[in-house]
Amino acid sequence: MKTWQDVASLYQIYPRSFLDTNGDGIGDLNGITEKLDYLSWLGIDSIWISPFFVSPLTDFGYDIANYRAIDPTFGQMEDFQALLKKAHDLDIKVMIDLVPCHTSDQHPWFQESRSSRDNPKRDYYVWRDKNNSRA
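Right, dumping it as structure tokens:
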């Protein structure tokens, strides 16, 4: 038996370059919400949104510093809730590109992990001693 993922048309959205609604030159969550009617008209069943969480943007937003906070560049939680409501009203499923195994060096777990060899979060990341004998 096929699931919805097997037959759905999926549209990936990179928020930064999608649609800017506040004039700062950077796409935002409200821009995604604004285009949902059009995506529905196209027959899109689901959208996949690239990371929009707080990040130093060293890795295009995939280096997340806070998984619980939306980067203000893209909007705020109320904007995301409005996006979800409108998408669901249009029967569009929403997927977030969540990257749990790749954080920013600014993430609190990373900071704790690297603080000492006996820190309880030390094994959250893979560490090795510096190798000074490069070939």
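For the sequence shown, position 17 matches number 17 in the UniProt record's numbering, and the numbering has no gaps at all.
Cβ atoms here follow ideal geometry from the backbone N, Cα and C, with glycine treated the same way.
Subject >> Proximity test, Ser40 beta-carbon vs the ligand NAD heavy atom, cut-off 7 Å >> reply: As for the ligand NAD, it is missing from this structure, which has no ligand bound.
**OP:** Please list, in chain order, all residues of the same chain as Leu29 whose beta carbon is under 6 Å from its beta carbon, the five residues on each side excluded.
**Re:** Position 29 of the sequence shown, counted from the first residue, corresponds to residue 29. Within the same chain, Leu29 has close Cβ partners Phe74, Gly75, Asp79, Phe80 and Leu83.
**OP:** Starting from Ala69, follow the beta strand (DSSP E) in both directions and report where the run begins and ends.
**Re:** Taking the sequence shown and counting its residues from 1, the one referred to as residue 69 is at position 69. Per DSSP, Ala69 belongs to the beta strand (DSSP E) from Asn66 to Ile70.
**OP:** Name the one or two DSSP bridge partners that Tyr93 has.
**Re:** If you number the sequence shown from 1, residue 93 lands on position 93. According to the sequence shown, residue 93 is Lys rather than Tyr. Per DSSP, Ser46.
Subject >> Nonlocal neighbours in the same chain, by C-beta distance under 7 Å from Ile26, ignoring five residues either side >> reply: Locating residue 26 in the sequence shown gives position 26, counting from the first residue. Excluding sequence neighbours, Ile26 sits near Arg16, Asp20 and Thr73.
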